[in-house]
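S.K.: Input: one structure, supplied below.
In the numbering used here, the protein residues as written are 8 to 111.
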């Protein structure tokens, strides 16, 4: 919020999906590993109804990243823990700017 974005928090992927039923978001920042539903599954389920939603995946373990189509999508980025607000701000801005460039 300090960077001018409207932020909605969720404890896990299940709660995130519940919140998305009543609103839409441009970008989701999520950990790859979470209780009940990990970031990849969350991404897949969100993309069933909104394939334009952007994702910023986070993890402290680069081995979790692996090679899959989800991570290599241009609507997705990855940030490795630990990170600070400046690094997150750059990744978020990059993802949002990519979407704008792809529309033109």
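The C-beta atom is built at its ideal place from N, Cα and C for all residues, glycine as well. These numbers come from a predicted model, not from an experiment.
By how many angstroms is the C-alpha of residue 49 removed from the C-alpha of residue 19?
M.R.: By one-based count along the chain shown, residue 19 stands at place 12. By one-based count along the chain shown, residue 49 stands at place 42. Cα-Cα distance, rounded: 9 Å.
S.K.: Whole angstroms are fine: how far does the CA of residue 23 sit from the CA of residue 103?
M.R.: Looking up residue 103 in the chain shown gives position 96. Looking up residue 23 in the chain shown gives position 16. In a straight line, the C-alpha of residue 103 is about 20 Å away from that of residue 23.
S.K.: Using the beta-carbon count (16 or more within 10 Å), is residue 37 buried or exposed?
M.R.: By 1-based counting over the chain shown, the position of residue 37 is 30. By the neighbour-count rule (16 or more Cβ atoms within 10 Å), residue 37 is buried.
S.K.: Tell me which residue opens and which closes the alpha helix (DSSP H) that residue 56 is part of.
M.R.: Reading the chain shown from its first residue, position 49 is the one you call residue 56. Counting along the chain, the alpha helix (DSSP H) containing residue 56 begins and ends at 46 to 56.
S.K.: Alpha carbons only, please: which of 107, 28, 68 is nearest the one belonging to residue 53?
M.R.: Translated into positions along the chain shown, residue 53 becomes position 46. Here the closest residue by C-alpha is 28.
S.K.: Quick check on residue 39: does DSSP put it in helix, strand or coil?
M.R.: Against the chain shown, residue 39 aligns to sequence position 32. Coil at residue 39, not helix or strand.
S.K.: Could you pull out every residue in the same chain whose Cβ sits closer than 7 Å to the Cβ of residue 21, ignoring the five residues on either side in sequence?
M.R.: Sequence index remark: in the chain shown, residue 21 carries index 14 (1-based). Once the five neighbours on either side are set aside, the close Cβ partners of residue 21 are 43, 44.
S.K.: Could you check how far apart the C-beta atoms of residue 15 and residue 26 are, in whole angstroms? I think they sit under 8 Å.
M.R.: Residue 15 sits at position 8 when you count from the first residue of the chain shown. Residue 26 sits at position 19 when you count from the first residue of the chain shown. 6 Å between Cβ atoms; contact.
S.K.: In chain order, what residues of the same chain lie with their CB nearer than 8 Å to the CB of residue 12, ignoring the 5 residues before and after it?
M.R.: Numbered from its first residue, the chain shown carries residue 12 at position 5. Within the same chain, residue 12 has close Cβ partners 99.
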